[in-house]
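A quick write-up on the structure given underneath.
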Amino acid sequence: MKNKLIVSSLCVIFATSFTNTKAQQMLKNSPIPVAKIIPKALEKHNETRIDNYFWLNDRENPEVIDYLNKENEYYHKMTDHTKDFQKELFEEMKGRIKEDDQSVPYLYNGYYYITRFEKGKDYPIYSRKKESLSAKEEIMFDCNEMAKGHSYFQLGGLSVSPDNKLAVYSFDIVGRRIYTIQVKSLETNEVLEDKIEKVTGSAVWANDNKTIFYSSQDEVTLRSDKIFKHKLGTKSTEDVLVYFEKDDTYNVEIAKSKSRKYLAIESGSTLTTEYRILNADNPDGEFEIFQKRIRGVEYSINHYKDSFYIMTNADKAENFKLMKTPETATSKENWTEVIGHRKEVLLEDIEIFANYLVVEERSNGLNKIRIMPWSGEGEYYLPFESETYTAYTTTNVDFETEILRYGYQSLATPSSIIDFNMRTKEKEIKKEQQVLGGKFDKNNYTEERVWATAGDGTKVPISMIYRKELKKDGKNPLLQYAYGSYGHSMDATFSSTRLTLLDRGFIYAIAHIRGGEDLGRQWYDDGKLLKKKNTFTDFVDCSKFLIDEKYTSPEHLYAEGGSAGGLLMGVVVNMAPELYHGIIAQVPFVDVMTTMLDDSIPLTTGEYDEWGNPNKKKYYDYMLSYSPYDNVKKQNYPNIYVSTGLHDSQVQYWEPAKWVAKLRTMKTNDAVLYLDTNMDAGHGGASGRFEAIKELAKEFSFLLDLEEIKK
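With mature numbering (1 follows the signal peptide of the UniProt record, and there is no 0) applied, the sequence shown covers -23 to -1, 1 to 688.
Structure below.
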C-alpha cells in the first residue's frame, strides 16, 4: 500500500512537470502524423479483434511508405533543436574510441588471424599473417571497400579452407539477413564464379577443400530449414539437398568441430535439439543422427580424440550436466556422467584441452570459470571480486596448450583479453580496451548490485553504475534496461558510450528479470509461456524499488529495451505509465497476437515454445492479456522514442508503426511520441560502427532533452 500511495502522489507531478520543454512547446505547432483507420476484423476462437492499422503490414504499398516518411519528418522536425547536441554527443562518444584498433591475434592452422579498424573508417578489415606476427600481412577482406555504394553492408560467415588457399564468405546489403555466398582465392584475391544467393550466410568446408556445406531459409518465413552441399566450380542449381527440416518449429545450422574431424548439423527448437554428424573427410557420405530428438531434451556436442562431450538437460537436469560417450556409440544410453546436475549452478559452456577441462558456470547470477585438470587433482576457480562483472572464454582453437584465453569486464572496468596459464596460474593481459579522451578513471564510479523484491516475494538482482559523488535524493535521472526473454542473460558489461550519460548525472541499471537465465534455468522457465507476466512485473517492481530507495523518482526514471525487450517496454507503459518519464523502445515486438497467429511471418512458428501457440485457446487468452498493441488504452503515457528498420526480418517494421499509430489516438496527455524508421536497415540497425553511434546519439539526446540537460 505504501508504494501505491507514493506512486499516486507523484502521478500529478508526472502529468504536469514537463510542459515547458522545447519539444512540448513544438507540439502546438507541428502537425502530428495521422495514420488512416481501416478497420479489419481478425477472428480466432470465436472472438473478434478489430485492427485499425492492419493495412500498414504491406511494405510494397506506397501509402505505407508515405506514412513512415511522414513520421520520420515529424520526428526530425520535433527534434531539430537537438541536432547540434546530437552531433556533439556523437563526436564525444566517437572520441573515446580508438579508431585504429585491432583484435588480439590468434593462431589457427598455421596463420595468425587479425580483425582491425583503420582511422575514419566504419568497417573492419580481416587479415592474417603466416606463422609469425612479424610476417607480411595478407588482407583477406576489406569491408570498407566491399561496402562502397551500399547504404547497408554486413559480412556474414567467413571460413577458410583447410589448405588455407580459399575463403567462403557471405554478405547482406539490405539488412534483412538474407545473404549471398561467394568464394575467394586467398592466393590471387580473385572471387570465384561460385555464387549462392538468398541463404542464411553460414557455410563450412569439408576437409577436401572443394566441398562447402551451407544453410538456406524458406523464402517467406526466413526459417533456416535446409542444408545444401556445393562443389566448387558447379552452379548453385546443382547443389545437393543434404537435409530438410520438416518441423516448422525448428531451425537448422551446420558447423565443424574444434577437432576438425566432424561436420555437425544442428536442428533445434526452443526446447529440443537433434544433431547429425559426418566425418569431414567424407563429404559425400551420409549424416547420421547423434541422438534422436526427444521433446524437451536439449544437448550440444564437443569432440575430442575418440569421444564426444555432451552438455544436456536430459533426465530433469534443468541446469544441465556434462556427459561423455564414445564417437562410435553416440546415442543417449551410452552417455556417462562427467559433471552432474547441480540445483544452484547453471552449466553454460565448456572448453576442452589436452590436460584440462574448462567449465563456464553461473551461480547467484554471476559468471564463474572453473579449471578442472583431467588428472582429477587441484581444480580451482578463477578469482573474480566484483558483483557487476562478466567473464567468458574467447578464442581457444588449440587442444595442445595450457593457455586459456578469456575475457573480463565490469560496468566500470573496460574489456580485457587475458591469456591464463592453467598450470602456473600466471596471466598476461593481451589487450585492454582503451578509453580515449583522457577523462576516464574507473575509480570515479560506483558499481553496485542490489536486490528488489517482486510481488511474489522473489528477489530480483539489479546491477548499477553511477558517479561516486551521486546522492540518493530521488533527483537522479536513471536509465533502467532489461531484456528478459529466451533465457538470454544480461551480463554487466562495460560501455564507453554509456559514460556520456553517467558523466551527466545518470544512473545506469540492468534489471536481471525472469525470462533470462541470470539465476539459472528455472529463472528462464519462470518468465515464459504462461508465466511470461513475471518478466513484466519484475521490471515494474525493480522500478518501484529504485524509486523507494531514492535512487530516482518517476519524473527522472527512464526505461529501455529492444526487440523482446521492446515488448517489455510496451507492456510496462500500459501497466505502470506513471512510473516513467521516458521510454526507449528499439525494434519492439509489440503486436504479439497478430504476429504469433501468422505463421508466414519470419520466426513465428519457432517461437511457440517461448510465448505459446495462440492457436490453442489458453495461450491465446494469456498472450492477449498482455500484448502491448492490443492493450493500449486511454490514459497518460510517458514520453516515448520508438526505432525500427524497414527491412527488419525479426520484428517487422509494422509492429512499432501500428503501435505508435494507436498510441497517438489513445494517449490522453501531451507527452512526445516519436517513430524513427531507418529506411535502409533491418533488426540490427545501421551497419558500421560510427553509424550505430549516430543512432545512439539520437537516443541519448532524447533522454537528455527530457532532463533539460543541454550540454
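Glycine included, each C-beta is placed from N, C-alpha and C at the ideal position.
Rounded separation between residue i and residue j - CA only
i: Trp428; j: Phe522; result: 9 Å
i: Asp78; j: Val274; result: 42 Å
i: Gln612; j: Asn646; result: 8 Å
i: Lys610; j: His318; result: 46 Å
i: Thr188; j: Pro260; result: 7 Å
i: Ser162; j: Gly245; result: 33 Å
i: Tyr535; j: Glu314; result: 47 Å
i: Ser(-15); j: Ser530; result: Unreliable placement is indicated for Ser(-15), whose pLDDT of 31 sits below 50; no coordinate value is reported for it.
i: Gln410; j: Met441; result: 21 Å
i: Asn256; j: Ile91; result: 29 Å
i: Pro554; j: Ile406; result: 46 Å
i: Ile617; j: Lys448; result: 27 Å
i: Asn421; j: Leu84; result: 38 Å
i: Asp418; j: Arg444; result: 11 Å
i: Arg347; j: Leu681; result: 43 Å
i: Asp99; j: Gly504; result: 38 Å
i: Arg382; j: Ser277; result: 22 Å
i: Asp480; j: Lys301; result: 51 Å
i: Ala183; j: Leu240; result: 8 Å
i: Glu684; j: Ile380; result: 49 Å
i: Ile686; j: Asn34; result: 38 Å
i: Ile561; j: Ala306; result: 52 Å
i: Glu243; j: Thr250; result: 7 Å
i: Lys113; j: Asn141; result: 16 Å
i: Asp433; j: Asp518; result: 10 Å
i: His558; j: Asn453; result: 12 Å
Endpoints, the beta strand (DSSP E) within which residue i is located
i: His207; result: Ser201 to Lys208
i: Met467; result: It is not in any beta strand (DSSP E) - Met467 carries neither H nor E in the DSSP assignment.
i: Gly539; result: Leu534 to Gly539
i: Asn256; result: Thr250 to Asn256
i: Asn351; result: The identity of residue 351 in the sequence shown is Trp, whereas the question assumes Asn. No beta strand (DSSP E) contains Trp351, which DSSP labels as neither H nor E.
i: Leu132; result: Gln131 to Val137
i: Lys17; result: Lys17 to Lys21
i: Thr477; result: No beta strand (DSSP E) contains Thr477, which is instead part of the alpha helix (DSSP H) from Leu476 to Leu479.
i: Leu455; result: Leu455 to Tyr458
i: Leu334; result: Tyr333 to Ser340
Per DSSP, cross-strand counterpart(s) of residue i
i: Lys233; result: Leu240
i: Lys298; result: Thr289
i: Leu556; result: Beta-bridge pairing links Leu556 to no other residue.
i: Arg382; result: Asp396
i: Ser193; result: Val176 and Lys203
i: Pro360; result: DSSP output for Pro360 lists no bridge partner at all.
i: Ala562; result: Gly538 and Val619
i: Ile439; result: Val427 and Ala488
i: Ala306; result: The partner list for Ala306 (beta bridge, DSSP) is empty, contrary to what the question assumes.
Identity of the residue in the options nearest residue i by Cα
i: Lys96; options: Arg73, Ala112 and Pro633; result: Arg73
i: Arg154; options: Leu84, Asn228 and His624; result: His624
i: Leu650; options: Asp576, Lys595, Lys594 and Val550; result: Val550
i: Arg253; options: Lys233, Glu114 and Lys17; result: Lys233
i: Gln268; options: Asn256, Asn311, His280 and Gly262; result: Asn311
i: Leu507; options: Lys282, Met600 and Gly415; result: Met600
i: Gly210; options: Val160, Tyr191, Arg666 and Gly492; result: Val160
i: Asp149; options: Lys142, Ser138, Glu164 and Met123; result: Met123
i: Ser213; options: Trp182, Phe118 and Val176; result: Val176
i: Trp500; options: His465, Glu537, Leu478 and Leu479; result: His465
i: Leu569; options: Val137, Glu354 and Ser604; result: Going by the sequence as given, residue 569 is Val instead of Leu. Of the candidates Val137, Glu354 and Ser604, the one whose C-alpha sits nearest the C-alpha of Val569 is Ser604.
i: Met55; options: Lys113, Ala648, Ala368 and Asp140; result: Ala648
i: Phe190; options: Glu196, Val197, Val181 and Thr198; result: Val181
i: Pro8; options: Arg26, Asp396, Asp61 and Tyr52; result: Tyr52
Delimiting residues of the alpha helix (DSSP H) encompassing residue i
i: Asn511; result: Lys510 to Asp525
i: Met117; result: Met117 -> not in any alpha helix (DSSP H); beta strand (DSSP E) instead, spanning Glu114 to Asp119.
i: Phe31; result: Taken as a continuous stretch (DSSP letters only), Phe31 belongs to no alpha helix (DSSP H), as it is neither H nor E.
i: Ile278; result: Taken as a continuous stretch (DSSP letters only), Ile278 belongs to no alpha helix (DSSP H), being part of the beta strand (DSSP E) at Tyr276 to Tyr281.
i: Thr654; result: Per DSSP, Thr654 belongs to no alpha helix (DSSP H); it is in the beta strand (DSSP E), Leu650 to Asn655.
i: Arg319; result: Note, Arg319: premise wrong, no alpha helix (DSSP H); not H, not E.
inquiry  = When you compare the segment 284 to 303 with the segment 316 to 325, are there three or more beta-carbon pairs, one atom per stretch, that lie closer than 8 Å?
reply    = yes
Does the segment 198 to 214 come into contact with the segment 222 to 232, if we say contact requires no fewer than three beta-carbon pairs (one atom in each stretch) closer than 8 Å?
yes
| message | I want to know whether the segment 479 to 497 touches the segment 337 to 348 - three or more CB-CB distances under 8 Å. | response | yes
Report yes or no: do the segment 59 to 67 and the segment 669 to 678 share at least 3 C-beta pairs separated by less than 8 Å? yes
Segment contact flag, the segment 501 to 515 with the segment 457 to 464, C-beta cutoff 8 Å, min 3 pairs: yes
- Taking 8 Å as the threshold, find out whether the segment 168 to 175 comes into contact with the segment 106 to 124 through three or more Cβ pairs. no
Review point. With contact counted as at least three CB pairs below 8 Å, one residue from each stretch, are the segment 633 to 640 and the segment 16 to 24 in contact?
Key: no
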